Amino acid sequence: VEFSEGCWEMIWRDRAAAGLIVCGLKLNQDARRNDMVLEKGNNYITFPVWSKEGLQKRQFCKLESQAKYKEFEMARDEELQKMAKSSNILMKALHYRNAVAATE
Numbered sequence: 091v092e093f094s095e096g097c098w099e100m101i102w103r104d105r106a107a108a109g110l111i112v113c114g115l116k117l118n119q120d121a122r123r124n125d126m127v128l129e130k131g132n133n134y135i136t137f138p139v140w141s142k143e144g145l146q147k148r149q150f151c152k153l154e155s156q157a158k159y160k161e162f163e164m165a166r167d168e169e170l171q172k173m174a175k176s177s178n179i180l181m182k183a184l185h186y187r188n189a190v191a192a193t194e
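Going from the sequence shown to my numbering is simple: count from 1 and add 90.
If you want it as structure tokens, here you go:
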């Protein structure tokens with residue numbers, strides 16, 4: 091793919107864990123690959139970048155969040171199973187409410 095007038099900039103605030111690299115380029119013609127098309131003209135692409143410490147911290151937070159989600163998901167599924175097994179309409183409503191509460 092041929093382009094002209096390319097430029098880039100890194101944006102990183104002081105003491106921030108992450109920043110951005112923004113690239114701009116002017117395509118001389120449409121670039122096609124499979125079902126994707128980058129149209130000719132000005133195109134801008136943004137990439138996140140992390141400090142090593144910032145990335146490690148965010149990855150740890152992500153793992154914690156995923157573990158909490160699994161707990162809530164299990165609680166929700168248990169309540170939905172109880173709801174399906176119950177023949178009492180009030181108990182069904184209670185288990186449904188508990189399932190919804192687990193996902194909030």
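Even glycine gets a Cβ: it sits at the ideal position worked out from N, Cα and C.
All values reported here derive from a predicted model rather than from experimental measurement.
Okay, do the stretch 107-114 and the stretch 137-145 touch, 3+ Cβ pairs below 8 Å being the bar? yes
Taking Cβ to Cβ, would you say residue 189 is nearer than 8 Å to residue 173? Taking the sequence shown and counting its residues from 1, one reaches residue 189 at position 99. Taking the sequence shown and counting its residues from 1, one reaches residue 173 at position 83. Cβ distance < 8 Å, so residue 189 and residue 173 count as in contact.
Spatial neighbours of residue 192 within its chain, please: CB distance less than 7 Å, with the 5 preceding and 5 following residues excluded, ordered by chain position. Residue numbering aside, residue 192 sits at position 102 when the sequence shown is read from its first letter. Excluding residues within five positions, the ones whose Cβ falls inside 7 Å are 162, 165, 166, 169.
C-alpha gap between residue 102 and residue 91, whole angstroms: As a working note, residue 102 is residue 12 in the sequence shown. As a working note, residue 91 is residue 1 in the sequence shown. In a straight line, the C-alpha of residue 102 is about 29 Å away from that of residue 91.
Span separating the alpha-carbon of residue 143 from that of residue 98: For the purposes of this step, residue 143 is identified with residue 53 of the sequence shown, where counting begins at 1. For the purposes of this step, residue 98 is identified with residue 8 of the sequence shown, where counting begins at 1. In a straight line, the C-alpha of residue 143 is about 24 Å away from that of residue 98.
Measuring straight from C-alpha to C-alpha, what distance separates residue 122 and residue 100? Within the sequence shown, numbered from 1, the residue matching residue 122 stands at position 32. Within the sequence shown, numbered from 1, the residue matching residue 100 stands at position 10. Rounded to the nearest angstrom, the two C-alpha atoms are 27 Å apart.
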